[in-house]
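Okay, so here's the structure we're looking at.
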Amino acid sequence: MKHPIIEMKNVNFTYERQRVLEDINITIEQGSFLGLVGPNGSGKTTLLKCLLGLLKPQQGEIKLFGQPIQKFKNWHEIGFVSQKANSFNTGFPASVYEVVSSGLTSKIGLFKFMSQQDRQNVIQAIDAVGLSKFSKRNIGELSGGQQQRAFIARAIVSNPKLLILDEPTVGVDSQTVQNFYEMLVHLNRDLGITLILVTHDVGTITDKVSHVACINKHLHFHGHAKEFNILKEEEMSDFYGHSLHVLTHDHSH
């Protein structure tokens, strides 16, 4: 039986008197791949910050791995990749291997020596994101898409059970984006990592994710990707508050 990894019940968040999240009820089960979609300013990032314990909702409860978030200690079980480490200083003199290794700091402590197993984990994480031949390359020499893969490897090196990605493909070209999503499917299906992907790319992800949640202050939709695909365009426009053309990409040809 699958266990819920995340449970949010009646979660409300108000920011400077403005209600950003209202009555959010959502359960995410182990092994699922959730696409979290919604217009700009809809509360997606606020939701993530609540899940990561960075913001505290005024009402409602959040459980992670069956524990109330206030008591949750095993943060190494959750990996997080922001909107590119766009803020990352690409002139920083570190190899891909070193950047990925830095993902073990919270687990083994700063300035501690890595064990043989730690080194093996770094190599496996780099391999999982398809960067094996770049492991000695300086991070600044990689393309935007490759850098993002390196940051994902850093996030998965401590073997998290849940990986949260906040619009990781911003500024990455469309061909690279396709390969990037294929890699996420591999992490989900083959490595068993539960994924939450925040994205604007509604059409491209619906054949990759298992579930979709559509948020715009309220949770307007949460269900299987197949159900999301058959929503009428008018319903989607209601969710988003403006007209929306959902482009689904059929890769079966």
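Each residue of the sequence shown is one higher than the last, beginning at 1172 in the numbering used here.
Just so you know, even glycine gets a beta-carbon here, dropped at the ideal spot from N, CA and C.
Treat the numbers as computed from the prediction; the structure is a model and nothing was measured.
On the criterion of 16 or more Cβ atoms from any shown chain inside 10 Å, does residue i qualify as buried, or is it exposed?
i: serine 1329; result: buried
i: leucine 1366; result: buried
i: aspartate 1337; result: buried
i: threonine 1217; result: buried
i: isoleucine 1401; result: exposed
i: lysine 1379; result: buried
i: lysine 1307; result: exposed
i: phenylalanine 1204; result: buried
i: lysine 1388; result: buried
i: glutamine 1317; result: buried
i: glycine 1274; result: buried
i: asparagine 1359; result: buried
Cα separation between residue i and residue j?
i: serine 1303; j: glutamine 1230; result: 45 Å
i: glutamate 1248; j: leucine 1333; result: 6 Å
i: lysine 1173; j: isoleucine 1195; result: 22 Å
i: methionine 1179; j: lysine 1242; result: 15 Å
i: leucine 1192; j: leucine 1207; result: 14 Å
i: proline 1331; j: isoleucine 1364; result: 7 Å
i: glycine 1311; j: alanine 1324; result: 16 Å
i: glutamine 1319; j: proline 1339; result: 7 Å
i: leucine 1223; j: isoleucine 1327; result: 16 Å
i: histidine 1371; j: phenylalanine 1392; result: 15 Å
i: threonine 1347; j: glutamate 1406; result: 31 Å
i: isoleucine 1233; j: proline 1210; result: 23 Å
i: glutamine 1189; j: leucine 1225; result: 18 Å
i: leucine 1390; j: isoleucine 1177; result: 15 Å
i: valine 1369; j: arginine 1290; result: 30 Å
i: serine 1286; j: asparagine 1292; result: 10 Å
i: alanine 1321; j: valine 1300; result: 7 Å
i: valine 1270; j: leucine 1362; result: 21 Å
i: isoleucine 1240; j: phenylalanine 1284; result: 31 Å
i: leucine 1418; j: phenylalanine 1399; result: Note that leucine 1418 has pLDDT 42, beneath the 50 cutoff, so the model's placement of it is unreliable and the number below is only indicative. About 12 Å.
i: serine 1381; j: asparagine 1245; result: 26 Å
i: valine 1182; j: proline 1228; result: 6 Å
i: histidine 1357; j: threonine 1276; result: 25 Å
i: valine 1341; j: phenylalanine 1263; result: 21 Å
i: glutamine 1288; j: serine 1253; result: 27 Å
Could you say which of the options lies nearest to residue i if we only look at CA atoms?
i: aspartate 1298; options: Gly1237, Tyr1268, Leu1192, Gln1346; result: Tyr1268
i: glycine 1212; options: Cys1385, Ile1401, Phe1392, Gly1250; result: Cys1385
i: phenylalanine 1184; options: Gly1209, Ser1203, Lys1215; result: Lys1215
i: isoleucine 1335; options: Leu1235, Lys1244, Phe1251, Gly1237; result: Phe1251
i: lysine 1397; options: His1389, Ile1376, Val1343, Arg1308; result: Ile1376
i: serine 1314; options: Ala1296, Phe1351, Ile1294; result: Phe1351
i: alanine 1265; options: Asn1309, Lys1388, Val1343; result: Asn1309
i: valine 1383; options: Leu1235, Ile1197, Gln1288; result: Ile1197
i: serine 1272; options: Gln1295, Gly1262, Gln1254; result: Gln1295
i: cysteine 1221; options: Tyr1186, Gly1202, Glu1200; result: Tyr1186
Taking CB distances under 9 Å as the criterion, tell me whether residue i reaches chain C.
i: tryptophan 1246; result: You won't find chain C in this structure, because it holds only one protein chain.
Give, in chain order, every unbroken run of the beta strand (DSSP E) that is at least 3 residues long and sits entirely within the stretch 1223-1253. Runs found: 1230-1235, 1249-1252.
Write down every uninterrupted run of the alpha helix (DSSP H) in the stretch 1254-1328 whose length is 4 residues or greater and which is fully enclosed by it, in chain order.
Within the stretch 1254-1328, the complete alpha helix (DSSP H) segments at least 4 residues long are 1267-1272, 1276-1279, 1287-1299, 1315-1327, listed from N- to C-terminus.
Exercise for the section: Taking only runs that begin and end inside the stretch 1172-1221, name each unbroken beta strand (DSSP E) of 3 or more residues, in chain order. Expected result: Qualifying beta strand (DSSP E) stretches, in chain order: 1175-1186, 1189-1200, 1204-1208.
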